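Below is one structure, written out as structure tokens; the observations come after it.
There are 2 protein chains.
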Amino acid sequence: MEKFAETSYPVADVVRKRWSTVIFSEKLIEREKLLSLIEAARWASSCFNEQPWSFIVATKDDLEEYAKMLDCIVEGNREWASTAPVLMISVAKLHFDRNGSPNRHSYHDVGLAIGNMVTQATEMGIHMHQMGGFYLDKTREVYSIPETHDPVAAIALGYLGEIDSASEALQNREKSPRSRKTIDKFLFSGKWGEVSKLI
Amino acid sequence: MEKFAETSYPVADVVRKRWSTVIFSEKLIEREKLLSLIEAARWASSCFNEQPWSFIVATKDDLEEYAKMLDCIVEGNREWASTAPVLMISVAKLHFDRNGSPNRHSYHDVGLAIGNMVTQATEMGIHMHQMGGFYLDKTREVYSIPETHDPVAAIALGYLGEIDSASEALQNREKSPRSRKTIDKFLFSGKWGEVSKLI
């Protein structure tokens, strides 16, 4: 299955062909490839090069640890997330190492790191599906994440599964087209809300 | 000039060869390519597909608007940022459209959109350099950005310039190697701070 974005202007294949699947294959992600995902995240830019990202990872190589992370994800996501061979929690460090002051870019920079990871994943045929739907307090407690850091998102990762293997509900969800706002809704010049003449 | 990341595990070229230049060429970014950058950002994933990102853009095609945005950037960044033909401000919507509740992923999702934009830029030979160093209140005032939204980062965009054209200080900065934490500092399994056995 493919699900190309219908773009108004050309974009690279690695951007165009990504989507957040809900049907993963049972195939495990090779250790080296998993580390390439982390390596890609590592090279993102960040405010003052603080690299405020961390990742907690659980794979189906260790079913006990996998179940522990799956338990942190809200019930509504578990049907499909549990088909993924790898789960992660992204974490943001909230203050700068350099001077202890709040880092207003910490979540943003975690997003940049995940952006790199998504690019690397797509290049390798791996799909990622991020979730806001996980238990924040439970995750903090289960993994002893200190108050200096915030769990940001849960992520399911794996190869694409056979669409016929999934429930009808998931098949329908998988087939639904990707939709986005048009560019005139978010590209401004001169003043907030003034559509850029570039369009 | 090239400045490949020294990676421990292989990553895609589009990740490996990106860096935040401080020496831009005078060459303008073609309108179509600029719109491809925005189009790439558009297709990022986001929590509930809320797409909380907006961008205010200024190009050297309109020197008055360009100067207005440059004025929002802190003095220390202006020497190099002013060599870029395009400036942007990224903006995050702080509450969900769907129900008005706070969106804790808004900055993160702006980061994901910028992650896509960076990938697209690198594919097209365009460099981006993001800055936390801009005047938040001034930017809000100059562009009438409402309290429902936050300016997140300033961004300089353009093609790579000739290194000899820049001041010695910028040349040294441009030549300094890219450095990152090692993976064992931020990849955990089982518990916060426990280095993942994957490494």
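Respectively, the protein sequence lines represent chains P and G. The first sequence begins at 4 in the numbering used here and counts up by one. The second sequence begins at 4 in the numbering used here and counts up by one. Note that beta-carbon positions come from the ideal geometry of N, C-alpha and C, so glycine has one too. This one's a predicted model, so the numbers in the text were calculated from it and none came from an experiment.
Exercise for the section: Please list the residues of the region 108-120 of chain G that have a C-beta atom closer than 9 Å to any C-beta atom in chain P, keeping them in chain order. Expected result: Per Cβ criterion, the list reads His108, Ser109, Tyr110, His111, Asp112, Val113, Gly114, Leu115, Ala116, Ile117, Gly118, Asn119, Met120.
Practice task
Within 10 angstroms of the Cβ of Val77 of chain P, are there 16 or more other Cβ atoms? Answer buried if so, exposed if not.
Solution key: Taking all protein chains shown into account, Val77 of chain P has fewer than 16 neighbouring C-beta atoms within 10 Å of its C-beta and is therefore exposed.
Handout entry: Start and end residues, beta strand (DSSP E) containing Val77 of chain G
Key = Per DSSP, Val77 of chain G lies in no beta strand (DSSP E) segment and is marked neither H nor E.
Problem - N- and C-terminal bounds of the beta strand (DSSP E) containing Thr142 of chain P - result: Element bounds for Thr142 of chain P: not the beta strand (DSSP E) but the alpha helix (DSSP H), 139-146.
Handout entry: Beta-carbon spacing of Phe58 of chain P, Ser57 of chain G below 9 Å
Key = Their beta carbons are not under 9 Å apart, which means Phe58 of chain P does not touch Ser57 of chain G by this criterion.
Practice task
Find out if the Cβ-Cβ distance for the pair Pro88 of chain G, Lys36 of chain G is shorter than 9 Å.
Solution key: Here Pro88 of chain G is not near Lys36 of chain G, since their CB atoms are 9 Å or more apart.
Problem - Simplified DSSP assignment, three categories, for His108 of chain P - result: Three-state result, His108 of chain P: coil.
Exercise for the section: Could you have a look at Val121 of chain P and say whether DSSP puts it in helix, strand or coil? Expected result: Val121 of chain P falls in the helix class under three-state DSSP.
Problem - Alpha-carbon to alpha-carbon, Ser147 of chain G and Asp167 of chain G - result: Taken atom to atom, the span from the alpha-carbon of Asp167 of chain G to that of Ser147 of chain G is near 39 Å.
Practice task
Reducing DSSP to helix, strand and coil, say where Leu40 of chain P ends up.
Solution key: Three-state result, Leu40 of chain P: helix.
Exercise for the section: Determine the DSSP secondary structure at Val25 of chain G, reduced to helix, strand or coil. Expected result: Val25 of chain G sits in coil when the DSSP states are folded into three classes, being neither helix nor strand.
Problem - Residue environment, Leu115 of chain G, which counts as buried when at least 16 other CB atoms sit within 10 Å - result: So Leu115 of chain G ends up on the buried side.
Problem - The beta strand (DSSP E) enclosing Asp153 of chain G, as first and last residue numbers - result: 152-161 is the extent of the beta strand (DSSP E) around Asp153 of chain G.
Practice task
Show which residues of chain G have a CB atom less than 9 Å away from the CB atom of Thr10 of chain P.
Solution key: Within chain G, the C-beta atoms nearer than 9 Å to that of Thr10 of chain P come from Ser39, Glu42, Ala43, Arg45, Trp46, in chain order.
Handout entry: Coil, strand or helix - Phe7 of chain P by DSSP
Key = If DSSP states are grouped into helix, strand and coil, Phe7 of chain P belongs with coil.
Handout entry: Contacts around Gly118 of chain G, its chain only, beta-carbon distance under 8 Å, and the 5 residues preceding and following it disregarded
Key = Only Ala47 meet the Cβ criterion.
Exercise for the section: Measure from the C-beta of Ser85 of chain G to each C-beta in chain P and report whether the shortest distance is under 9 Å. Expected result: With 9 Å as the cut-off, Ser85 of chain G does not count as an interface residue toward chain P.
Handout entry: Cβ contact check for the region 125-143 of chain G and the region 157-177 of chain G: 3 or more pairs under 8 Å
Key = A contact exists between the region 125-143 of chain G and the region 157-177 of chain G.
Practice task
Determine the DSSP secondary structure at Met91 of chain G, reduced to helix, strand or coil.
Solution key: It is a strand residue.
Handout entry: As assigned by DSSP and simplified to three states, the class of Val60 of chain P
Key = Strand.
Practice task
Can you tell me which of P:Ala43, P:Thr142, P:Glu150, P:Val18 puts its alpha carbon nearest to the alpha carbon of Val113 of chain P?
Solution key: Val113 of chain P has its Cα closest to that of P:Ala43, out of P:Ala43, P:Thr142, P:Glu150, P:Val18.
Exercise for the section: Within the same chain, show all residues whose beta-carbon is closer than 8 Å to that of His152 of chain G, passing over the 5 residues directly before and after it, in chain order. Expected result: Excluding sequence neighbours, His152 of chain G sits near Ser57, Val94, Ala95, Lys96, Leu97.
Practice task
Give the secondary structure of Lys178 of chain P by DSSP, where H, G and I count as helix, E and B as strand, and everything else as coil.
Solution key: Reduced to three states, the DSSP call for Lys178 of chain P is helix.
Exercise for the section: Answer yes or no: does any C-beta atom of chain G fall closer than 9 Å to that of Val77 of chain P? Expected result: It does not: the Cβ of Val77 of chain P has no partner Cβ on chain G nearer than 9 Å.
Exercise for the section: Answer with yes or no whether the minimum CB distance from Ala70 of chain G to chain P is below 9 Å. Expected result: With 9 Å as the cut-off, Ala70 of chain G does not count as an interface residue toward chain P.
Problem - Whole-angstrom C-beta distance between Val121 of chain G and Trp226 of chain G, which should lie under 8 Å - result: An answer regarding residue 226 of chain G cannot be provided, because it is not within the stretch 4 to 202 covered by chain G.
Exercise for the section: Name, please, each residue of chain P whose Cβ falls closer than 8 Å to the Cβ of Val17 of chain G. Expected result: Ala15, Val17, Thr122, Glu126, listed in chain order.
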